[in-house]
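Structure, as structure tokens:
2 protein chains.
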Amino acid sequence: MKTTDSLSSLGLRRALQGIEEGLYTALDIINACFDQLERREPVVKAWQCRLNREEYLAQYTKYQSFYEQSILKGLPVGIKDIIDTANMPTEMGSAIHKGRQPVDDAACVSQIRQAGGIVLGKTVTTEFAYFKPGDTCNPKDLLRTPGGSSSGSAAAVADSMVPVALGSQTAASVIRPAAYCGAVGYVASRGDFSLRGIQPLAQSLDSLGLLARSVEDIELMRGILLKQPSPLDLPAAQKPTKVVVCDGAAIGDVDGAMQAAIQSTVLELRRHGVDIIEMSAQSSGLLKELVDHHQCIMAYEVCRNLVQEAAQPELLSEPLIDLIDRGVAISYDDYLAARQQAEKIREQLWAEYADCDLMLAPAAPGVAPLGIDKTGAPHMSRPWQAMNLPVITLPGHVFEGNLPLGVQLVGRLNEDQSLLRLARWVEGVLPR
Amino acid sequence: MKTTDSLSSLGLRRALQGIEEGLYTALDIINACFDQLERREPVVKAWQCRLNREEYLAQYTKYQSFYEQSILKGLPVGIKDIIDTANMPTEMGSAIHKGRQPVDDAACVSQIRQAGGIVLGKTVTTEFAYFKPGDTCNPKDLLRTPGGSSSGSAAAVADSMVPVALGSQTAASVIRPAAYCGAVGYVASRGDFSLRGIQPLAQSLDSLGLLARSVEDIELMRGILLKQPSPLDLPAAQKPTKVVVCDGAAIGDVDGAMQAAIQSTVLELRRHGVDIIEMSAQSSGLLKELVDHHQCIMAYEVCRNLVQEAAQPELLSEPLIDLIDRGVAISYDDYLAARQQAEKIREQLWAEYADCDLMLAPAAPGVAPLGIDKTGAPHMSRPWQAMNLPVITLPGHVFEGNLPLGVQLVGRLNEDQSLLRLARWVEGVLPR
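Chains P and X, in that order, are what the protein sequence lines are. When you line the first sequence up against UniProt numbering, it's residues 1 to 432, in that order. When you line the second sequence up against UniProt numbering, it's residues 1 to 432, in that order.
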């Protein structure tokens, strides 16, 4: 048996293989995760609500034969606290919903439970998955933000408390915390996963996301969520032939560290014979437009989703009230124009780069900023999210000694499987 | 003051105007609705759960000054029982969810409450808005189905128990019951309304719908749900210039009554100078393809939404189990191809009829079939729903003495406002 430390940091698929091979038991992994969690949670504060070790082990033992025959073997999963769970409150980071106990599991939670995953707990989210942070700290530097809104999921995974967690993204809520904490963060093409039981923020933009420590674990969880016949089957990684690089400058500020992360990724890709082209000024201009379209769509829809909450402004943060006020003032015609433009640009952009396999772009403006009262700027994700494209953060770069930073790969709509195979190849050439 | 009878059958907007003009009070309307409801509900069985008159009046009285200043003046609204309400159970027509009490209102329910509507109750739905009917009878002939899945909403509105009700449509769940009961049924372009708190069946197809007794009441409710600044403003009706007619034969069986309803509508339109063309054989062929695409998308998504329910097959109907089994067997690639084809056909079809304002099509194969153990065939709606287009049932035709039958108008994606203005004009030339 390995030491506790290395067991908690094993990837999900590696852990399952080791259990299968008899190197250790699921209980060894579970206990290692709890060891890590109990040591670190007092300072990282990734969990809004969770099972303690005794409760977890009691559940495991009660259904042990089911877990032993299941895909996920009873290993722990974290669930962002805007996703309904029938056995734990779902508070959405809002005082309005303190103690709110849903009656049903979200469909994604049911899929995980049926596959033998155990919901260890609910991870901290910003208020309604928008801006106002919870208490979570960046596990790599406790003075810095973990990013948001999937703050707790990114921190818990990056800190090896759980191998995987569910997140969600409407603007930058998976990609950015993954980049700041040093996790792999994946956002599915919109519409691919069931969102039943996930609190909507903006229906044209909301996507379910996953956080893990490797691309192969993302692929496994995606297979489970999509009810694929053999989610453990791993297709071969695919080397990209040609990649278009977006430096992000047209979207907003990008600091030296992120520029270096992009350049270093480009060098590695080139070194392995991947053809690299730069995004044209015209295409970059379209990305800039998309930032505005994203903000318009989001504001319009948020105020039409958070209807009962908007009537209690004394319990909402200022930024959320601002967003709601902006949304109410947007006309249907302007909103629709933004949606239609975003769709048009998506087709235009990928048509221009029809011979490319991937886009490479910054996942955030730079490393996690100091302070946990803000979650960092979301603009680096707005264009891709407005186009509903699948995206993934790959970590690997480290600055200032121990601050992780991830870059973002962007795929074609609904070609998520291909994106993940390509991303797994790229992951292999990045520093670990 | 008018007699009770005519007060309950007043349209929503007419009732509000009369209250404004001092002809009667909101309480007169409310009491007239309860008179009608108490007389008819024992045989029509439109309600799954509801306030009784005393409870309703107590709520009205408690907040009377709010209601008096509100848009909807405290008038009653029916809510399909797959839409969450914080003060009443939401059982989705399923034994699995008997007594299920949601913690929050759906966003659409919050919008209605904030506009001064009172939720009179939850209307009967088929099991999870799919096939298995509840107890509701067609108010025009108690031996016949009201259609489904928005059975209770259509029956309650057509029978003048409430002026308006919310429904939803994934296949034919608003259009068909409206046609069978003699109500106006509208299904919004997918994505226009917030679906927060509405139980999803198939996310690529689900739309919120409205049932009322006139197009102008649909427009009013749509304005409220979209948070429009002046939902009471009524734009001028718009006469269509050119209409393309689909006889439905390529989609499936259409009986003599529906053929007559379409022909009579065409005659009225022609008589008023509207140019009419017939849908080409090629386009009709595309509609036939869409039926298959719709079934593929629906089965794939349903089994990935009803995850926890699928684990309790002993509490599900046979048709639903069949649907789930079919869905599990569909590959992601086949599913995606169906979605993409449906989108492509939508663009192709409306491009071919770019000079037309509307499509006219059967809303059902014919009048409501005898028996309440089935809800009639849904195929006449599958093509339009697969394309996510806005549609509306206009009643007016009557067969065999008293059996209503509606025809369907189809608009362009997201041009719902234009569809409704055109539909209001068409409504004016149809028999009443």
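Cβ atoms here follow ideal geometry from the backbone N, Cα and C, with glycine treated the same way. Bear in mind that the values here come from a model prediction, so they are computed numbers and not experimental data.
Tell me the DSSP secondary structure of residue i in three-state form.
i, result
"residue 216 of chain P", "helix"
"residue 9 of chain P", "helix"
"residue 330 of chain P", "coil"
"residue 170 of chain X", "coil"
"residue 182 of chain X", "coil"
"residue 249 of chain P", "coil"
"residue 242 of chain X", "strand"
"residue 132 of chain P", "coil"
"residue 165 of chain X", "strand"
"residue 408 of chain X", "strand"
"residue 118 of chain X", "strand"
"residue 265 of chain P", "helix"
"residue 141 of chain P", "strand"
"residue 2 of chain X", "Because the pLDDT at residue 2 of chain X is just 43, under 50, the model does not fix this residue reliably, and the value given afterwards should be weighed accordingly. Here residue 2 of chain X sits in coil by DSSP."
If residue i sits next to residue j, beta carbons under 8 Å apart, how far is it from one beta carbon to the other, in whole angstroms?
i, j, result
"residue 409 of chain P", "residue 423 of chain P", "5 Å"
"residue 76 of chain P", "residue 120 of chain P", "4 Å"
"residue 123 of chain X", "residue 192 of chain X", "Not a contact, Cβ separation roughly 22 Å."
"residue 173 of chain P", "residue 129 of chain P", "6 Å"
"residue 206 of chain X", "residue 170 of chain X", "5 Å"
"residue 394 of chain X", "residue 406 of chain X", "6 Å"
"residue 71 of chain P", "residue 232 of chain P", "7 Å"
"residue 239 of chain X", "residue 356 of chain X", "At roughly 13 Å, the Cβ-Cβ gap does not stay under 8 Å, so residue 239 of chain X and residue 356 of chain X are not in contact."
"residue 147 of chain P", "residue 396 of chain P", "No, residue 147 of chain P and residue 396 of chain P are not in contact; Cβ-Cβ is about 17 Å, not under 8 Å."
"residue 272 of chain X", "residue 429 of chain X", "5 Å"
Compute the distance between the beta-carbons of residue i and residue j, then report whether it is under 7 Å.
i, j, result
"residue 404 of chain P", "residue 140 of chain P", "yes"
"residue 197 of chain X", "residue 115 of chain X", "no"
"residue 92 of chain P", "residue 251 of chain P", "no"
"residue 161 of chain X", "residue 33 of chain X", "yes"
"residue 26 of chain P", "residue 74 of chain P", "yes"
"residue 368 of chain P", "residue 145 of chain P", "yes"
"residue 370 of chain P", "residue 143 of chain P", "yes"
"residue 342 of chain X", "residue 387 of chain X", "yes"
"residue 291 of chain P", "residue 382 of chain P", "yes"
"residue 185 of chain X", "residue 220 of chain X", "no"
"residue 425 of chain P", "residue 237 of chain P", "yes"
"residue 249 of chain P", "residue 366 of chain P", "no"
"residue 208 of chain X", "residue 179 of chain X", "no"
"residue 227 of chain P", "residue 304 of chain X", "yes"
"residue 437 of chain X", "residue 324 of chain X", "Not covered by the structure: residue 437 of chain X. The range shown for chain X is 1 to 432."
"residue 284 of chain P", "residue 349 of chain P", "no"
"residue 137 of chain P", "residue 372 of chain P", "yes"
"residue 175 of chain X", "residue 307 of chain X", "no"
"residue 125 of chain P", "residue 149 of chain P", "yes"
"residue 166 of chain X", "residue 83 of chain X", "yes"
"residue 317 of chain P", "residue 132 of chain P", "yes"
Which residues of chain C have a Cβ atom closer than 8 Å to the Cβ of residue i, listed in chain order?
i, result
"residue 231 of chain P", "The question asks about chain C, but that chain is absent: this structure's protein chains are P and X."
Should residue i be listed as close to the ligand HEM, given that the test is whether its C-beta is under 6 Å from any heavy atom?
i, result
"residue 295 of chain P", "As far as ligands go, the structure on display features none, and thus does not contain the ligand HEM."
**OP:** Just list the beta strand (DSSP E) runs in the region 269 to 321 of chain P, keeping only unbroken ones of 3 residues or longer that don't cross its boundaries, in chain order.
**Re:** 275 to 278
Original post:
Touch check for the region 203 to 223 of chain X and the region 90 to 104 of chain X: three-plus C-beta pairs under 8 Å?
Top reply: Output reads no: the region 90 to 104 of chain X does not touch the region 203 to 223 of chain X.
**OP:** Examine the Cβ distances between the region 197 to 208 of chain X and the region 157 to 164 of chain X and report whether three or more of them are shorter than 8 Å.
**Re:** Cβ pair count under 8 Å is below three, so no.
**OP:** Please specify which runs of the beta strand (DSSP E), each continuous and at least 3 residues long, are wholly inside the region 73 to 98 of chain P, giving them in chain order.
**Re:** 76 to 80
Subject >> Residue ranges of each beta strand (DSSP E) within the region 186 to 234 of chain X, 3 or longer >> reply: 207 to 212
Subject >> Those runs of the alpha helix (DSSP H) which lie wholly inside the region 341 to 404 of chain P and span at least 4 residues >> reply: Runs found: 382 to 386.
**OP:** Inspect the CB distances between the region 344 to 362 of chain P and the region 265 to 285 of chain P and report whether three or more fall short of 8 Å.
**Re:** yes
Original post:
Taking the runs of the alpha helix (DSSP H) that are 4 residues or longer, which of them lie wholly in the region 23 to 65 of chain X?
Top reply: 26 to 44, 53 to 62
Original post:
Are there three or more Cβ pairs, one per stretch, closer than 8 Å when the region 259 to 274 of chain P is compared with the region 13 to 31 of chain X?
Top reply: no
Original post:
Using 8 Å as the Cβ pair cut-off and three pairs as the minimum, do the region 292 to 312 of chain P and the region 335 to 348 of chain P touch?
Top reply: With a cut-off of 8 Å, the region 335 to 348 of chain P and the region 292 to 312 of chain P count as touching, because enough Cβ pairs lie within range.
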